[in-house]
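Reviewing the structure listed below.
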Ligand code: SF4
Ligand code: SF4
Ligand code: SF4
Ligand code: FES
């Protein structure tokens with residue numbers, strides 16, 4: 001009888017490798033299970049998919065789709081690790097650097113930052129062709145345990161979903177439109193909200209960059225032992241294949 | 001004997017300069033340690049703080065720039081390097097994206113970041129003892145630019161070695177591969193922006 005996952009599975013390919021998926025799984029979820037890493041920034045395990053950063057763009061049936069929201073389909077041929085897609089992802093990541101103020105040498109997320117790690121993985125080393133926008137962005141250090149440095153915010157919305165769906169609080173939300181869209185808090189400042197350092201939204205895993213800062217723990221891990229000193233971003237997923 | 005082999009394999013010439021940087025990247029060149037001896041078999045150093053030569057004596061194969069441009073003089077030096085070097089390398093985050101000096105560009109949340117920066121440094125800062133109450137304004141001082149600019153925004157840059165400061169390993173690896181025509185990009189594990 002059907003019912004167990006194995007029996008309802010179907011197969012498709014990613015870069016020619018056969019992958020099994022189950023009804024309702026996205027391309028990215030099936031890839032993760034199979035040990036194939038698809039780069040991502042706005043998607044995070046345990047949070048509802050948002051599909052906004054487009055770093056996970058893959059080609060499926062010749063069309064560009066975001067792997068974190070696109071359901072896997074039987075027999076589909078997905079392209080992931082191609083020079084064209086990686087170049088486009090690198091451009092996206094580079095634009096995120098240029099849209100904010102990212103000074104890695106003084107950032108306490110450095111070495112544990114997913115944006116920076118993505119830049120390493122995608123070889124962001126060439127002289128830039130985009131202008132640095134250097135926007136004036138707010139810093140909110142009002143809360144006794146938490147600070148918010150929006151110079152580094154990439155509007156991934158992970159804190160918004162975590163606060164709403166996991167913490168049941170809704171501390172964070174977007175304000176503004178287009179390039180002026182920013183993450184903001186539901187109060188005059190952070191100290192004015194019911195944000196607590198124990199919230200899921202404040203945990204080290206949710207904010208991919210150094211925007212949500214837990215006070216008094218910065219730089220605790222020495223250089224060489226930080227998360228992405230140990231391996232490229234995605235290596236934990238890729239190791240499943242070995 | 002040495003003269004003959006020198007003629008057949010003339011050494012490459014390199015030049016280096018520090019613009020708006022902290023000299024940490026030049027110190028990192030010394031982190032190449034004893035491999036500097038291997039490197040010196042391949043190169044001769046022309047204009048550089050390492051030789052204290054202030055001018056190019058002849059055209060160079062490789063120019064290495066630490067720091068971005070924060071004043072008029074930096075721009076002139078950088079343009080001089082571009083004119084006199086076949087390959088120009090931006091070394092470190094200051095040269096690549098402005099680095100720490102670029103903190104004065106925008107993230108001071110001011111409409112006039114340069115003015116506010118100078119005022120705080122020379123007049124209003126809590127621990128300032130400046131009896132003149134003036135911002136230094138001697139004609140001998142190079143004119144400050146409105147912003148700190150990464151090198152690639154001023155001249156064309158051929159390669160960028162990331163890091164603050166880059167490790168001796170990545171500097172040695174890149175230079176020795178460039179000098180022997182084997183450079184094919186960085187190992188991804190070696191790329192670090194801090
Ligand atoms: S948030 Fe990440 S990319 Fe931005 S400055 Fe910090 S380490 Fe660098
Ligand atoms: S604060 Fe962090 S988690 Fe929230 S939107 Fe910005 S980058 Fe994403
Ligand atoms: S990149 Fe770092 S080490 Fe190099 S000059 Fe700038 S601050 Fe100094
Ligand atoms: S991870 Fe899929 S769009 Fe951001």
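Protein chains in written order, with the UniProt record's numbering: chain A, 1 to 242; chain B, 1 to 194.
Built from N, CA and C at the ideal position, the CB exists for glycine as well.
Can you name the residues of chain B whose CB is closer than 7 angstroms to the CB of residue i?
i	result
residue 90/A	None at all; the shortest Cβ gap to chain B is about 12 angstroms.
residue 121/A	188
residue 86/A	Here the premise fails: no neighbours, minimum Cβ distance about 11 angstroms.
residue 189/A	The contacting residues do not exist; residue 189/A stays about 15 angstroms from chain B at best.
What do you reckon, is the C-beta of residue i under 7 angstroms from a heavy atom of ligand 3?
i	result
residue 92/B	yes
residue 21/B	yes
residue 109/A	no
residue 17/B	no
residue 49/B	no
residue 100/B	yes
residue 105/A	yes
residue 66/B	yes
Tell me the rounded alpha-carbon separation between residue i and residue j.
i	j	result
residue 65/A	residue 39/B	48 angstroms
residue 58/B	residue 84/B	8 angstroms
residue 163/A	residue 52/A	18 angstroms
residue 80/A	residue 18/A	13 angstroms
residue 106/A	residue 133/B	31 angstroms
residue 212/A	residue 97/A	17 angstroms
residue 182/B	residue 165/A	52 angstroms
residue 125/A	residue 152/B	12 angstroms
residue 177/B	residue 186/B	10 angstroms
residue 15/B	residue 218/A	38 angstroms
residue 191/A	residue 170/A	14 angstroms
residue 160/A	residue 135/A	22 angstroms
residue 19/B	residue 68/B	6 angstroms
residue 54/B	residue 43/B	18 angstroms
Can you list, in chain order, the residues of its chain with a C-beta nearer than 8 angstroms to that of residue i? Leave out the 5 residues immediately preceding and following it.
i	result
residue 193/B	93, 162, 163 and 164
residue 155/A	52, 174, 181, 182 and 183
Excluding sequence positions up to five away, which residues of its chain have a Cβ less than 7 angstroms from the Cβ of residue i?
i	result
residue 25/B	66, 91, 92, 165 and 166
residue 79/B	155
residue 189/A	140 and 142
residue 104/B	113, 114, 117 and 148
Residue i versus chain A: which residues are under 8 angstroms apart at the beta carbon?
i	result
residue 104/B	Those within 8 angstroms of residue 104/B in chain A number zero; the least Cβ separation is about 10 angstroms.
residue 121/B	The contacting residues do not exist; residue 121/B stays about 18 angstroms from chain A at best.
Can you find the residues in the same chain that come closer than 6 angstroms, C-beta to C-beta, to residue i, ignoring five residues on each side of it along the sequence?
i	result
residue 61/B	12, 13 and 86
residue 1/B	Since pLDDT at residue 1/B reaches only 41, below the 50 mark, its modelled position is unreliable, and the value read off the structure follows with that caveat. There are no such residues.
residue 187/A	193
residue 51/B	45
residue 109/A	209 and 210
residue 232/A	121
residue 89/A	39, 55 and 122
residue 227/A	112
residue 30/A	19, 21 and 72
Considering only heavy atoms of ligand 1, does any lie closer than 7 angstroms to the CB of residue i?
i	result
residue 152/A	yes
residue 116/A	yes
Give the residues of chain B in contact with residue i, contact being defined as C-beta atoms less than 8 angstroms apart.
i	result
residue 73/A	Result: empty, since nearest Cβ-Cβ is about 32 angstroms, beyond 8 angstroms.
residue 126/A	160
residue 232/A	188 and 189
Name the chain A residues that come within less than 9 angstroms of residue i, Cβ to Cβ?
i	result
residue 194/B	104, 105, 106, 107, 110, 111, 116 and 223
residue 109/B	136, 137, 138 and 139
When every heavy atom of ligand 4 is checked, does at least one fall within less than 7 angstroms of the C-beta of residue i?
i	result
residue 40/A	yes
residue 185/B	no
residue 67/A	yes
residue 54/A	yes
Could you check whether the Cβ of residue i sits closer than 7 angstroms to any heavy atom belonging to ligand 2?
i	result
residue 142/A	no
residue 208/A	yes
Below 8 angstroms between beta carbons is the criterion; list the residues of the stretch 51–80 of chain B that meet it against any residue of chain A, in chain order.
none
Residues of the stretch 23–45 of chain B whose Cβ lies closer than 8 angstroms to any Cβ of chain A, in chain order
none
Please list, in chain order, the residues of the stretch 132–162 of chain A that have any C-beta partner in chain B closer than 8 angstroms.
132, 134, 135, 136, 137, 138, 139 and 151
Counting only Cβ-Cβ distances shorter than 9 angstroms, please list the residues of the stretch 176–187 of chain B near chain A, keeping chain order.
185 and 186
Members of the UniProt domain "2Fe-2S ferredoxin-type" (8–84) of chain A near chain B, C-beta cut-off 7 angstroms
none
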